[in-house]
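Remarks on the structure that follows.
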């Protein structure tokens, strides 16, 4: 076995270059023939003095050099030898049709090439149910690019990270290449990036086709549209991305440029449409663009948070025939009166009061939550304590020699204190006493006078506003609570599926990173919805931990005739993993059993 450097020429442009091949010499009768075992490509960069060590180590791994002890070779040689030996075994492998009995030396057993397969197996199962690859094929995307796209989506489900981290995972950790019948080591990292470019190019068509497939798969009726935004941050300046801007970071990453992701979902939690906005996008100004792009039908019900529910947006929706259910932006709080109560999913009692506004042809639902009251009371009490502590510090400074006594400076500090305490300052009447003929303050006084209809006087109260004047209290409230599902989607995208951070500098690559995460969420949602029908309501992070323990391994034996038998097979799933496979109706031994003889 040796490595040959072969000159060749590219037909397209006539450029000459060299390719490298792993070659084996075999005697056939009186003649010696040389055959190529593997094409190592033109980027094979192992230094030539190490080629003999590489060939010897490959022969040892294949069981062809039992007379030799494993060579003490550099790490680069060992890693490459392991990879090439695995490729040789795979190239000679065949699926076992049934029982086959072979006499082997049990003491010669070696287990090698453990690779994760559980998440990959159910991920491909979910994408197959969504008919994702046929959708890509219908768009004219070639087979290798389709496989690279599938690999990125499944990798985001299994090991969220950057595209570079995905490439490392595909080559060093996962058996996904076996399930896709694709050798990632024969391809370059750039193919992964270019697959993302192709994906973004067809984003609208893919999202439309996927959601239609979801509706067909689960028999969904699109009656409710949920809309909200979140943002993610860049690692680096992202100077080449015009959308990367400083803004209000929901992760408090004010030190980084941001990118905003808008999602429209249906009531079941599946994504209808996604769109990337500037990092400093104002929530209330994005709704029209999203609904127009979606071509949402007239009469669709749009549920959204108070940040998007501006008066201008509500007027725009009314003019175009949309229905709406939103959290009201009005400042005045009205505590519900009466005995109408609802029970939340957690068993808490919620007081509600429905008020019809005939002039505006809409309804308001005033709600009071004991749990929310406790939370808001704690918040306002903390801010009041901080505000009074700040006033006390300013007052104590009036009797200190170097304390601030100038009225204009004191009022300036009081204003800053009000800003830090998030509006509780309006509940205090503050006066400064200034002596006659003096320009300095001698005393600071305040009286707490709570303003009615605020969080301080009416904690736990909020108002829903809707065009659905004929709905009862319970239907209004329970429909709005669907928006909490959208918040859980954002948590899943960020914490479970690698939405943040973004490492790319170019706009297209950044958009591809976010879109791949959205596609991974769609596949996860298919899996979770099917498991929920079977009584399994676990989060994806828990399911992923259970799935990730399964491995595909190669068992190698020395046969009685001197050859080496290699059998590659998945480990048998344990109870928790088997229950997931049973609920999904998939094969518990992904990849089947393959064998080869060397």
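Numbering (my numbering), first residue to last: 1 to 598. The C-beta atom is built at its ideal place from N, Cα and C for all residues, glycine as well. If you're wondering where the values come from, they're calculated on a predicted model, not measured in any experiment.
CA-to-CA distance, residue j to residue i, given in whole angstroms
| i | j | result |
| --- | --- | --- |
| residue 306 | residue 167 | 41 Å |
| residue 516 | residue 86 | 30 Å |
| residue 55 | residue 49 | 12 Å |
| residue 20 | residue 44 | 7 Å |
| residue 265 | residue 337 | 34 Å |
| residue 395 | residue 446 | 10 Å |
| residue 251 | residue 232 | 8 Å |
| residue 123 | residue 275 | 24 Å |
| residue 193 | residue 522 | 21 Å |
| residue 333 | residue 457 | 9 Å |
| residue 467 | residue 448 | 39 Å |
| residue 542 | residue 520 | 16 Å |
| residue 300 | residue 179 | 41 Å |
| residue 186 | residue 476 | 56 Å |
| residue 321 | residue 488 | 29 Å |
| residue 8 | residue 40 | 14 Å |
| residue 4 | residue 22 | 6 Å |
| residue 125 | residue 169 | 20 Å |
| residue 578 | residue 547 | 9 Å |
| residue 59 | residue 189 | 29 Å |
| residue 78 | residue 72 | 9 Å |
| residue 372 | residue 421 | 20 Å |
| residue 535 | residue 38 | 49 Å |
| residue 113 | residue 147 | 22 Å |
| residue 437 | residue 247 | 48 Å |
| residue 412 | residue 154 | 56 Å |
Integer-rounded CB distance, given that residue j should sit under 8 Å from residue i
| i | j | result |
| --- | --- | --- |
| residue 598 | residue 564 | 5 Å |
| residue 529 | residue 101 | With 8 Å as the limit, residue 529 and residue 101 do not qualify as a contact, their Cβ atoms being about 45 Å apart. |
| residue 197 | residue 512 | 7 Å |
| residue 557 | residue 109 | 6 Å |
| residue 261 | residue 514 | 5 Å |
| residue 352 | residue 480 | 11 Å between Cβ atoms; not a contact. |
| residue 354 | residue 365 | 5 Å |
| residue 311 | residue 469 | Not really, about 18 Å apart at Cβ, beyond 8 Å. |
Element boundaries [alpha helix (DSSP H), containing residue i]
| i | result |
| --- | --- |
| residue 144 | 143–158 |
| residue 172 | 163–172 |
| residue 55 | 51–61 |
| residue 407 | 407–420 |
| residue 576 | 575–584 |
| residue 134 | 132–138 |
| residue 541 | 540–547 |
| residue 315 | 311–319 |
| residue 77 | 75–91 |
CB of residue i within 8 Å of CB of residue j, strictly
| i | j | result |
| --- | --- | --- |
| residue 327 | residue 462 | yes |
| residue 600 | residue 407 | An answer regarding residue 600 cannot be provided, because it is not within the stretch 1 to 598 covered by the chain. |
| residue 139 | residue 195 | no |
| residue 450 | residue 377 | no |
| residue 121 | residue 586 | yes |
| residue 588 | residue 117 | no |
| residue 183 | residue 115 | no |
| residue 286 | residue 229 | yes |
| residue 263 | residue 279 | no |
| residue 157 | residue 524 | yes |
| residue 62 | residue 82 | no |
| residue 595 | residue 571 | no |
| residue 424 | residue 380 | yes |
| residue 367 | residue 432 | no |
| residue 149 | residue 164 | no |
| residue 10 | residue 17 | yes |
| residue 540 | residue 496 | yes |
The beta strand (DSSP E) enclosing residue i, as first and last residue numbers
| i | result |
| --- | --- |
| residue 17 | 16–28 |
| residue 603 | The requested residue 603 is not part of the displayed model; the chain covers only 1 to 598. |
| residue 520 | Where residue 520 is concerned, there is no enclosing beta strand (DSSP E), although the alpha helix (DSSP H) it sits in stretches over 507–533. |
| residue 110 | 104–116 |
| residue 262 | 258–266 |
| residue 569 | 564–570 |
| residue 550 | No beta strand (DSSP E) holds residue 550; DSSP gives it neither H nor E. |
| residue 274 | 271–278 |
| residue 246 | Where residue 246 is concerned, there is no enclosing beta strand (DSSP E), given that its DSSP letter is neither H nor E. |
| residue 325 | 323–327 |
| residue 46 | From DSSP, residue 46 is part of no beta strand (DSSP E); its letter is neither H nor E. |
Beta-bridge pairing of residue i - partner residues as DSSP gives them
| i | result |
| --- | --- |
| residue 34 | 25 |
| residue 434 | 441 |
| residue 371 | Answer is none; residue 371 lacks a bridge partner. |
| residue 452 | DSSP, once it has assigned bridges, lists no residue as partnering residue 452. |
| residue 352 | 367 |
| residue 362 | 357 |
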